[in-house]
Amino acid sequence: MIPHAPILVIVLPLFTAFVMPLIGIIAERYHIKYLRELIAIGVMIVVLILAGTIAQEVWNGEVIVYELGGWSPPWGIVLAIDALSTQMALMIAGLGTLVMIYSASYMSRDSGLSYFYTLMLLVISGMMGIVLTGDFFNFYVFLEIMSISSYALVSFRRDALSIEAGIKYLIIGSLGTSFVLLSVVMLYGVVGTLNIADLGAKLATYGGTNVPSVLVLSLALFVTGVMIKVAMVPFHTWLPDAFTAAPTAISALLAGPAAVVGIYWVARLPYLPFGMPVGLILISLGLISMVVGVLMALMQRDFKRMLAYHVISQKGYMVLGIGLGTLGATLGTQGGLFHLLNHSTYKALLFMCAGAVLYQTKSQKFDELGGLGKNMPITALTFLIGALAISGIPPLNGFVSKYIIYLAGFQAGMPWITAIAVVVSGLTLASFMKAFSSVFLGQRPQHLQGTREAPKPMLFSMIVMALICVAIGLLPALGFNIIGPAAEAAKNTSSYISHVLGGT
Amino acid sequence: MAGMTVIVRTISRILFPFIFLFGIYIILHGHLTPGGGFPGGVIIAASVAMLILAYGLERVLKNNAFLRAEVLDTIGSLTIAAIGIMGLIFGSYFLQNTLPLGELGRLISGGNFLWLYVGVGIKVTAGILLILFAMLFATWGEKDDHGA
Amino acid sequence: MIMGLNYIVAMLLIAAGIYCLLFKRNLLKLVIGLAVMTDGIHLFLISMGYRLGGIVPIFSSEVAPSLSEFAARAVDPLPQALVLTSIVINICVTALALSLCIYAYRHYGTLDTTKIRRLKE
Amino acid sequence: MTSTRNVIAAALVVVIGLALIYTVTASLPPFGSFPTRYVDGKIESAVGEAYLENAIWQTGATNVVTTIVWGYRGYDTLGESTVLFTAVVGVIMIFRALRREE
Chain A
15 MIPHAPILVI VLPLFTAFVM PLIGIIAERY HIKYLRELIA IGVMIVVLIL AGTIAQEVWN
75 GEVIVYELGG WSPPWGIVLA IDALSTQMAL MIAGLGTLVM IYSASYMSRD SGLSYFYTLM
135 LLVISGMMGI VLTGDFFNFY VFLEIMSISS YALVSFRRDA LSIEAGIKYL IIGSLGTSFV
195 LLSVVMLYGV VGTLNIADLG AKLATYGGTN VPSVLVLSLA LFVTGVMIKV AMVPFHTWLP
255 DAFTAAPTAI SALLAGPAAV VGIYWVARLP YLPFGMPVGL ILISLGLISM VVGVLMALMQ
315 RDFKRMLAYH VISQKGYMVL GIGLGTLGAT LGTQGGLFHL LNHSTYKALL FMCAGAVLYQ
375 TKSQKFDELG GLGKNMPITA LTFLIGALAI SGIPPLNGFV SKYIIYLAGF QAGMPWITAI
435 AVVVSGLTLA SFMKAFSSVF LGQRPQHLQG TREAPKPMLF SMIVMALICV AIGLLPALGF
495 NIIGPAAEAA KNTSSYISHV LGGT
Chain B
516 MAGMTVIVRT ISRILFPFIF LFGIYIILHG HLTPGGGFPG GVIIAASVAM LILAYGLERV
576 LKNNAFLRAE VLDTIGSLTI AAIGIMGLIF GSYFLQNTLP LGELGRLISG GNFLWLYVGV
636 GIKVTAGILL ILFAMLFATW GEKDDHGA
Chain C
1200 MIMGLNYIVA MLLIAAGIYC LLFKRNLLKL VIGLAVMTDG IHLFLISMGY RLGGIVPIFS
1260 SEVAPSLSEF AARAVDPLPQ ALVLTSIVIN ICVTALALSL CIYAYRHYGT LDTTKIRRLK
1320 E
Chain D
330 MTSTRNVIAA ALVVVIGLAL IYTVTASLPP FGSFPTRYVD GKIESAVGEA YLENAIWQTG
390 ATNVVTTIVW GYRGYDTLGE STVLFTAVVG VIMIFRALRR EE
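These protein sequence lines are chains A, B, C and D, in that order.
The numbering of the first sequence is the numbering used here, which starts it at 15 and goes up by one.
The numbering of the second sequence is the numbering used here, which starts it at 516 and goes up by one.
The numbering of the third sequence is the numbering used here, which starts it at 1200 and goes up by one.
The numbering of the fourth sequence is the numbering used here, which starts it at 330 and goes up by one.
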């Protein structure tokens, strides 16, 4: 491992974001094209390489503990990186790079690009900070970095829709982060420490009995806060508006990498630091979200809005899988985390395809589109791959993870859950066939005759995403090499605690 | 809005250097007394805001004030970044306190805290002023009577 | 009873903030509700670290002659540091929310959320 | 219509407030009891106590809050100034075209 890689992964995008406004001024004054884009992409590639070196170390069974400022836990802040964090960091870095390449050409018509790339890098840095940190209050701080920059990014285009979506996202999201803060405060009040491993060790002594009511309230607030960020159904109202109104590069970023952050905490939550049974809550929230999300998606006439509702539905699968995992179905956690990996790739791909169509035709309504398959063959093909993957058709990656979740339903002794999941999967397929036929097949309207294929950087990102979908579908072992250790690390709290607290 | 009466202008002109100096004092003594970079930066920004209210936007701000504040913001951030990376180079951890600790209670003591506070002070001053400028440029000249 | 007053007031502020967020129709009032709620949390956090008859956590030989006596009498410094961080974050959220509100007012000519929603359809 | 809304609102706030107050006063350590914390019957001391004992000789600053803000938890404060930077960039971004007209 390169020394200081854990902190560099977080700090490199952060410091690049600090100088990005100046780089923008220089680029505009001396008319250097693509300076900001190249620097942003370059930083993301460096971050990806650093995350790779961390991953090699962690998969050997290590838990990397990096003490910031040289203060040992629980007094200082530590970065604690186990296999679960590593999976998330790799996904954020990889998908972030692809989204950055995509936005280099997708955003080329907009003004204020230096602010755009500043905020993009801040989102990436915030997400990295969240998944790598070992301190509860630090988690809140980086959650706010990520949230505030995504509020601003959602309203980047400043038309009526995106301003309204931005305000809605800001109010609901801030409510969620306030709940997280209140939960952290209550934990400090009861236990007197903020380090996650220390909290886990001290709360484990309760063993689920005689728990003070403040702890239950704290858990409830934390679950609510995280669920607002994950957008499970009672708290989902911000998501469709935000994803529809945001520039598509942002929708892809929020649907791909940013989904990672919420699910990371859903996967941590049952084990660290609370260690209380939340399985049934997760299962019921997941089921409701799956069903409601897909039913709402079937009714939409707007390309991006339909995809947004499918995000809710697919996140329901992950939360369901992780919930099943806490009830003894060992496959559940693996399925949930695997589905996160697959979802992030194909959902970012689908948003990118929608963005390519929007970029070339300036329309995202099904009624105004049609017959684009001849004009944009590569977009159509990659969209088809993504659509089949999200519906769980066998040779593609969505099938593998959904199949594991189905099996977990049987393993937990609840076959009716599997039945519901299969039905939702079928509805997803129906919804996507409708979308595919109304955008890429059928009658082509007069004004779309001259539509051309998307620019090359966009195509590059889309093709790479599609290749990942096919590769994981054909060789599931590729995914299991990442997921297996991650699912184990989520449950192995004693190793985490002893690495963090047992000295350096 | 072209500024206020001559009484307000005179008093704010007299008070401005004192408030500014008080802000600098707060920033520099953050490690010895209550205060630090954030309150101090806000006080300095508030003194400039007072001048703008008294004299009007055009008389206070020279051209390129926005750009200068933006550069200042980046300089403040880079100060913090540089001190953090100094910890990596001279010590073994990010943000490690590698400077000599000095004598308890003196101004130059406590290692890197003073310099971090100076960086944050610059950054907060510039940041609050940038927010103020952005909102002022956007709403300056609009009538105030259309309430919420 | 009076000793728990801090907690009670903090919780009342939080409840008032939630009420504002759920039942008010004006964007500015929503922002105010958010600020009130966060301030309640800040009050709660700072009350966590109080020690009966405590002194400020700044060492000076006039108040506490020795370091050990200082450590035995001063209040918890950690919540104070956390509150500093949290207040700045709250300011930032409020600033962004207000600028979005200014922009929304230009687009719609109103800050009433029900009317804004009606315009969208 | 509005009156029922108001009744629901008032009832909800009263319920939320009472639930919060009851939970907090019933099972948190009483106000002013720093540094004592009770975890599962055992008495533990909060992390804050160690700062009071060690901060001054470890860092050489008299203000213990500062030693936490930039010493023990300096990374948090880096995050905090990043949040400020984020908000500033966000606000500038929202008003960007208006600024150019000026």
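Glycine residues also receive a C-beta, built at the ideal position from the N, C-alpha and C atoms.
How big is the Cα-Cα spacing for G545/B and N392/D? Approximately 8 Å between the Cα atoms of the pair.
Does F130/A come within less than 9 Å of chain C when only Cβ atoms are used? no
DSSP state of S527/B mapped onto helix, strand, coil: Correct three-state label for S527/B: helix.
Given G440/A as reference, the closest of A322/A, F474/A and S405/A once Cα atoms are compared: S405/A
Interfacial residues, the segment 349-368 of chain D to chain A, with Cβ spacing under 9 Å: L349, Y351, T352, V353, A355, S356, L357, P358, F363, P364, T365, R366, Y367 and V368
For the alpha helix (DSSP H) holding I210/A, just list the boundary residues, first then last. I210 to L217
Quick one: measure Cβ to Cβ for F32/A and F360/D, integer angstroms, because I've assumed they're closer than 8 Å. 41 Å between Cβ atoms; not a contact.
Neighbour flag for P1278/C against chain A, beta carbons, 9 Å: yes
With a threshold of 9 Å between beta carbons, is T391/D in contact with chain B? yes
Expressed to the nearest angstrom, what Euclidean distance is found between the alpha-carbon atoms of L1221/C and P248/A? 14 Å
Decide if the segment 347-366 of chain A is in contact with the segment 410-418 of chain A; the criterion is three or more beta carbon pairs, one per stretch, under 8 Å apart. yes
How is the beta strand (DSSP E) around V247/A delimited, first residue to last? Looking at the DSSP string, V247/A is not in any beta strand (DSSP E), and its letter there is neither H nor E.
Report the residue ranges of all alpha helix (DSSP H) runs contained in full by the segment 255-306 of chain A; include only those spanning at least 4 residues, in chain order. 262-269 and 271-282
Taking the alpha carbon of V478/A as the reference point, which residue from R319/A, Y220/A, Y116/A and L488/A has its own alpha carbon closest? Y116/A
So for S1260/C, helix, strand or coil by DSSP? The answer is coil: DSSP assigns S1260/C none of H, G, I, E or B.
Closer than 8 Å is the cut-off here; do at least three beta carbon pairs connect the segment 307-320 of chain A with the segment 230-240 of chain A? No, the segment 307-320 of chain A does not touch the segment 230-240 of chain A.
Secondary structure of K329/A, DSSP reduced to three states: DSSP places K329/A in helix when its eight states are reduced to three.
Within 9 Å (strictly less), CB to CB, does S374/D reach chain A? yes
Specify the secondary structure class of E409/D as computed by DSSP and reduced to three states. Of the three classes helix, strand and coil, the one that applies to E409/D here is helix, per DSSP.
Other residues of its chain near G180/A: CB distance less than 7 Å, five sequence neighbours each side excluded: Y165, V168 and S169
Mapping DSSP to helix, strand and coil, what is T518/A? Residue placement at T518/A is flagged as unreliable, the pLDDT there being 44, under the threshold of 50; the coordinate-derived value follows with that caveat. Coil, per DSSP.
Hey, how far is the Cα of V376/D from the Cα of T207/A? 6 Å
Identified DSSP bridge partners for Y1307/C: For Y1307/C, which the question treats as bridged, DSSP gives no partner whatsoever.
Name, in chain order, the residues that DSSP records as bridge partners for K371/D. V368/D
Bridge partners - D149/A, DSSP secondary structure assignment: Paired residue(s): N209/A.
Chain C residues whose Cβ lies nearer than 9 Å to that of I595/B: Those do not exist, as I595/B stays about 14 Å from chain C at its closest Cβ, beyond 9 Å.
Taking 6 Å as the limit between beta carbons, can you name the residues of its chain near I277/A, skipping five residues before and five after? These residues qualify, in order along the chain: M332 and L354.
Establish whether the CB of S332/D and some CB of chain C are separated by less than 9 Å. no
Spatial neighbours of V1230/C within its chain, please: C-beta separation below 8 Å, excluding the five flanking residues on both sides. T1293, A1296, L1297 and C1300
Note down, in chain order, all residues in the segment 633-649 of chain B with a beta-carbon under 7 Å from any beta-carbon belonging to chain D. V635, K638, V639, G642, L645, I646 and A649
Quick one: which chain C residues come within Cβ less than 8 Å of V432/D? Absent from the model: residue 432/D. The displayed extent of chain D is 330 to 431, so no value can be given.
Same chain, Cβ closer than 7 Å to I53/A, five either side skipped, listed in chain order: T30 and I37
Identify, in the order they occur along the chain, each residue of the same chain with its Cβ nearer than 8 Å to the Cβ of I46/A, setting aside the five sequence neighbours on each side. I40
Identified DSSP bridge partners for V79/A: A94/A
Delimiting residues of the alpha helix (DSSP H) encompassing G361/D: G361/D -> no alpha helix (DSSP H), and no H or E assigned at all.
Range covered by the alpha helix (DSSP H) that runs through I55/A: L49 to V72
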